[in-house]
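**Student:**
Number of protein chains: 2
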Amino acid sequence: MSRFPQVTAFSGDADTIRVVGHRGARGILPENSLIGFDFALSIGVDLLEFDVLLTRDDIPVITHNHEFHDSAVRGPDGAFLNGEHSRVASLTISEIERLDIGRLNTETEYGRRFPDQAQMDGVRVPRLSELLQLVSQPRYASACLMLELKSDPDLAHDAAARERIVSVVCDEVHRAGMADRTLLHSFDWALLAECRRQAPDIPLSFLTQLQENEHDAGEDSSIFVTPDFGNPDTSVPDEVSKAGGSLWCPHFTELDENSLAHARELGLAVAVWTVNDPDDIEAMIDLKVDAIVTDYPGRVQQRLSERGFCWRR
Amino acid sequence: MSRFPQVTAFSGDADTIRVVGHRGARGILPENSLIGFDFALSIGVDLLEFDVLLTRDDIPVITHNHEFHDSAVRGPDGAFLNGEHSRVASLTISEIERLDIGRLNTETEYGRRFPDQAQMDGVRVPRLSELLQLVSQPRYASACLMLELKSDPDLAHDAAARERIVSVVCDEVHRAGMADRTLLHSFDWALLAECRRQAPDIPLSFLTQLQENEHDAGEDSSIFVTPDFGNPDTSVPDEVSKAGGSLWCPHFTELDENSLAHARELGLAVAVWTVNDPDDIEAMIDLKVDAIVTDYPGRVQQRLSERGFCWRR
Chain G
6 MSRFPQVTAF SGDADTIRVV GHRGARGILP ENSLIGFDFA LSIGVDLLEF
56 DVLLTRDDIP VITHNHEFHD SAVRGPDGAF LNGEHSRVAS LTISEIERLD
106 IGRLNTETEY GRRFPDQAQM DGVRVPRLSE LLQLVSQPRY ASACLMLELK
156 SDPDLAHDAA ARERIVSVVC DEVHRAGMAD RTLLHSFDWA LLAECRRQAP
206 DIPLSFLTQL QENEHDAGED SSIFVTPDFG NPDTSVPDEV SKAGGSLWCP
256 HFTELDENSL AHARELGLAV AVWTVNDPDD IEAMIDLKVD AIVTDYPGRV
306 QQRLSERGFC WRR
Chain B
6 MSRFPQVTAF SGDADTIRVV GHRGARGILP ENSLIGFDFA LSIGVDLLEF
56 DVLLTRDDIP VITHNHEFHD SAVRGPDGAF LNGEHSRVAS LTISEIERLD
106 IGRLNTETEY GRRFPDQAQM DGVRVPRLSE LLQLVSQPRY ASACLMLELK
156 SDPDLAHDAA ARERIVSVVC DEVHRAGMAD RTLLHSFDWA LLAECRRQAP
206 DIPLSFLTQL QENEHDAGED SSIFVTPDFG NPDTSVPDEV SKAGGSLWCP
256 HFTELDENSL AHARELGLAV AVWTVNDPDD IEAMIDLKVD AIVTDYPGRV
306 QQRLSERGFC WRR
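Those protein sequence lines, which keep their order, are chains G and B.
Oh and the first sequence: position 200 is 205 in this note's numbering, straight run, nothing missing.
Oh and the second sequence: position 171 is 176 in this note's numbering, straight run, nothing missing.
1. Against chain G, which members of the stretch 296-311 of chain B pass a CB distance test of less than 9 Å?
2. Residues of chain G with CB closer than 8 Å to the CB of threonine 111(B), please, in chain order.
3. For aspartate 18(G), which three-state DSSP category applies?
4. Any idea what DSSP makes of leucine 189(G), helix, strand or coil?
5. Can you tell me the Cα-Cα spacing of isoleucine 290(G) and phenylalanine 85(B), whole angstroms?
6. What does a CB cutoff of less than 7 Å around valine 245(B) pick up in its chain, not counting 5 residues either side in sequence?
7. Could you tell me which chain B residues have their CB closer than 9 Å to the CB of methionine 289(G), listed as they occur along the chain?
8. For a cutoff of 8 Å on Cβ pairs, would you count serine 147(B) as touching chain G?
9. Please state whether the Cβ-Cβ distance between tryptophan 319(B) and arginine 23(B) is less than 8 Å.
10. Under 8 Å, do alanine 222(B) and arginine 144(B) count as touching if we go by C-beta distance?
11. Taking 8 Å as the threshold (C-beta atoms), are serine 226(B) and glutamate 219(B) in contact?
12. Please name the residue in His256(G), Gly17(G), Arg169(G) and Val174(G) whose C-alpha comes closest to that of valine 57(G).
13. Just to confirm my understanding: we take histidine 69(B), look at its own chain, exclude 5 residues before and 5 after, and list those with CB closer than 8 Å. What are they?
14. Quick test of your reading: valine 280(G) and leucine 260(G), contact by CB under 8 Å. State the CB separation rounded to the nearest angstrom.
15. Identify which residue in Asp185(G), Val294(G), Pro232(G) and Glu112(G) has its Cα closest to the Cα of glycine 313(B).
16. Along the alpha helix (DSSP H) that carries phenylalanine 44(G), what are the first and last residues, could you check?
17. Taking only the alpha-carbon atoms, compute the straight-line gap between alanine 268(B) and aspartate 243(B) and give it to the nearest angstrom.
18. Leaving out the 5 sequence neighbours to the left and right, which residues in its chain are closer than 8 Å to arginine 132(G) when beta-carbon positions are compared?
19. So the candidates are Ile228(G), Arg201(G), Asp300(G) and Glu72(G); which of them puts its Cα closest to the Cα of alanine 184(G)?
20. Verify the CB distance criterion: does proline 131(B) have a CB-CB separation below 8 Å to chain G?
21. For alanine 222(G), which three-state DSSP category applies?
22. In whole angstroms, give me the CA-to-CA distance for aspartate 282(G) and isoleucine 48(G).
23. Helix, strand or coil, according to DSSP, for methionine 183(G) in the structure here?
24. Roughly how many angstroms lie between the CA atoms of arginine 308(B) and phenylalanine 257(B), to the nearest whole one?
25. Can a CB atom of chain G be found closer than 8 Å to the CB of alanine 222(B)?
26. Just curious, the alpha helix (DSSP H) that alanine 268(B) is in, first and last residue?
27. Arginine 108(G) touches chain B at which residues, Cβ-Cβ below 7 Å?
Below, the structure written as structure tokens:
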């Protein structure tokens, strides 16, 4: 089977397990920030995971939640957003560029989850185009993108909204010449079906989450847009394969040896999210997944080295 | 009392405690590397601590131990140094520039101390001149340097060797126009006396360590060059003051409220090293030291923010 080059970039082998920087390197630097992406790339972590939403004026921006929360976002007055949750889809790019995402708010549950994250001022929500420009630099020629399309719950069943985000995002990826270095990645399988229709040249990566977990604390859960695989006879990798996926991305607690082997038989690469605890990292190395999505890329590099694995070829 | 501007930069006040990046940001990136220094500066940690030794051909290089250890140094063949401990003073700059300091060796005790440190290839021992050039960039105009002069134990009693390192280092600092942004810092008070003689325009920072501690695991201890303050009637801050110090830098376990207050009466700023554990960071904030030297600058920033302190003015 001939493979998309970016799918190869996310695939392991006998002595390779890939490291994917989650929202850049959320454990160390503000999530979904250019400085975080640059950090991950500069330590040799070529694979970046990040989240994309559309502004009111249809600019794709890199941010996780469909509303800006008080846990990490400050307004032009320098104060955390103080309860009001502003929808990304209702703000223009110029309004969003006045926000500062450089500091976690340790008064919030979410803000206490990454105690080593730097506290900075003047960090903006990046546009997708800025990240595409960053990875266009020759020194980052091996970088590949796991571009997660996020859903606003108010728009999740709105086919026109789906068509619009897919169209705008794929257009930017194509214009930047990054179609062979990008995976389109989502919990929202309806969005991925739209991607397949509009951009069959860009491979798809299917996220799954069967139950709520600690990952959801303090941020928008994705469980409401993920297909319900409650029937124990359903094989998730079979569903991913039928939907045209190249990657399957289960939460790491929801993968076992059998489902991994079955995914491999189907020709899928398997990337697990979000693996931060040293014991969990070891367990995923034991399983020999293709790729580990982590907030602490240096930590995963060190565990892989110790076990004799590399993450680049 | 008029103060050197760099001493002010290392001094706290009612709502400021300074953060000093230890060897750059050793918890996150290879120690004493340009990428580590750049990381610390780019997250708003303006104050850098690092170690300087002379090569055989009298080039000041930034590295901690007087011998290159197998815990983090690989030879041109890519293998860790495998037991042989090469003295910095017996190697030329071109030999040193063939070494790679990008990865900790997790087979060694020292190599297991920083489990989040990135694993990189092609990271060189920097020259002092390269760091001086980095901080000369306009965007790092507020950076100040805590330049630690290290002693080779074989040369510790060699006055000519002392004169040579002080002369070469001070000359580079002066030529780079960094005399008002640098502190000369050492455990070796004989070296600092020589600094005072040769460069009275650059303030001095006196390190002390009364007993061995966990900080010494796997690296050259400095205890052999530090004055012995075994007599309980000796006041260390008085000795620092008499020796012409502007800063006193005790190990954080060896500072208490009384000695801090006494140092302040003497006009000394007090910077504690090397504070990484969250409880220890809190204790140093409680004491209200002037500056905290840490391998995890983001962690200290976050604890300071939470307690209502800033680290820059």
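Backbone N, C-alpha and C fix where the C-beta goes; we use that ideal spot for every residue, glycine too.
Just so it is clear, the structure is predicted and the values come from calculations on it, not from any experiment.
**Tutor:** In short, the structure shows the following:
1. Tyr301, Pro302, Gly303, Arg304, Gln306, Gln307, Arg308, Leu309, Ser310 and Glu311
2. Gln307, Ser310 and Glu311
3. strand
4. strand
5. 24 Å
6. Phe211, Trp253 and Leu273
7. Residues of chain B passing the Cβ test: none, with the nearest at roughly 16 Å.
8. no
9. This structure cannot settle anything about residue 319(B), because the visible part of chain B is limited to 6 through 318.
10. no
11. no
12. Val174(G)
13. Arg28, Glu36, Asn37, Asp56, Lys155, Glu224 and Asp225
14. Actually they are not in contact, since the Cβ atoms of valine 280(G) and leucine 260(G) sit about 10 Å apart, beyond 8 Å.
15. Glu112(G)
16. 39-47
17. 7 Å
18. Ile64, Pro65, Val66, Ile67 and Ile98
19. Arg201(G)
20. no
21. coil
22. 20 Å
23. coil
24. 17 Å
25. no
26. 262-270
27. Ser310
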